[in-house]
Amino acid sequence: MLPRVDGPEHDRTDAPAVRLRGHHLLCILTYVGRGYSPAFVAAMDAVVERIRTGAPVRIVDGPDDICAAHVAEAPDAHCHGDSAAERDRRAVHDVAGLMGLGGEGAIRLTADRLDAARELFRTGRSRSACRGCSWADLCTSIAADGFAGARLAPADAGEGA
Ligand code: SF4
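Heads up, the sequence shown is in our numbering, so the first residue is 1 and it goes up one at a time.
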């Protein structure tokens with residue numbers, strides 16, 4: 001597990017932390033409103049909006065705030081599986097340290113941190129978690145297009161879909 005990072009980037013508000021599994025650190029970057037089910041999309045919308053408006057994030061093991069509705073609909077969903085857990089491990093290895101996530105602390109995904117994460121993603125340096133994912137081509141094309149259309153798009157990209 002990565003060490004906790006203390007410093008001015010830590011969120012000081014009372015907003016409850018978003019519980020996020022490791023590989024969803026990547027998925028939130030390219031999310032354009034598509035997902036496994038309407039419930040999953042609604043949960044993703046809610047999580048991205050919370051992050052966009054400054055809620056802190058805490059990395060968790062296993063199903064998170066995005067998975068919750070999907071797991072409720074489909075108890076045997078892949079969210080509990082080994083492949084999802086392996087994606088989490090890879091994503092944490094590749095990107096969580098850079099974003100200051102890990103340990104017991106919750107932290108806000110500042111614009112600088114998100115920009116750094118997008119650059120790692122765009123250049124393929126954080127994509128080991130994406131191997132074999134059915135959304136990989138879509139995510140690659142969104143990144144190549146400057147993340148335009150992503151709900152968590154950078155300020156100079158296009159509007160979210
Ligand atoms: S390819 Fe899959 S794991 Fe990677 S960011 Fe896209 S949806 Fe997430």
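Glycine residues also receive a C-beta, built at the ideal position from the N, C-alpha and C atoms. Computed from a prediction, not measured in an experiment: that's the story for all the values here.
Rounded to the nearest angstrom, what separates residue i and residue j at their Cα positions?
i	j	result
Ala55	Thr110	10 Å
His23	Ala43	16 Å
Gly146	Asp65	26 Å
Ala143	Asp112	17 Å
Cys130	Ala136	6 Å
Ala39	Ala74	11 Å
Ala84	Gly62	8 Å
Asp14	Thr53	13 Å
Leu114	Met99	8 Å
Arg12	Asp76	Caution applies to Arg12, whose pLDDT of 49 falls short of 50 and renders its modelled position unreliable; the value that the coordinates give is listed next. If you take the alpha carbons of Arg12 and Asp76, they lie about 37 Å apart.
Ser37	Gly97	31 Å
By alpha-carbon positions, which one of the options ends up nearest to residue i?
i	options	result
Ile51	Leu29, Phe121, Ser126	Leu29
Arg122	Arg108, Val71, Ala74, Val95	Val95
Ala148	Ala129, Gly124, Cys133, Arg118	Arg118
Arg108	Val32, Glu49, Pro38	Glu49
Cys133	Gly62, Glu86, Glu73	Glu86
Cys67	Gly124, Arg58, Thr53, Val41	Val41
Arg19	Thr140, Leu114, Arg58	Arg58
Leu138	Ala15, Leu26, Asp14	Leu26
Arg90	Ala69, Gly124, Ser37, Pro154	Gly124
State the start and end residues of the unbroken beta strand (DSSP E) segment that holds residue i.
i	result
Ile59	57-60
Val181	Residue 181 cannot be examined here, being either before or after the span of the chain that is shown, 1 to 161.
Val18	18-21
From what residue to what residue does the alpha helix (DSSP H) around residue i run?
i	result
Arg87	82-91
Arg122	111-122
Leu26	24-30
Leu138	136-144
Val48	38-52
Do residue j and residue i have their beta-carbon atoms positioned less than 8 Å apart in this structure?
i	j	result
Ala106	Ala46	no
Arg21	Asp82	no
Cys79	Val71	yes
Val32	Ala150	yes
Ser126	Leu120	yes
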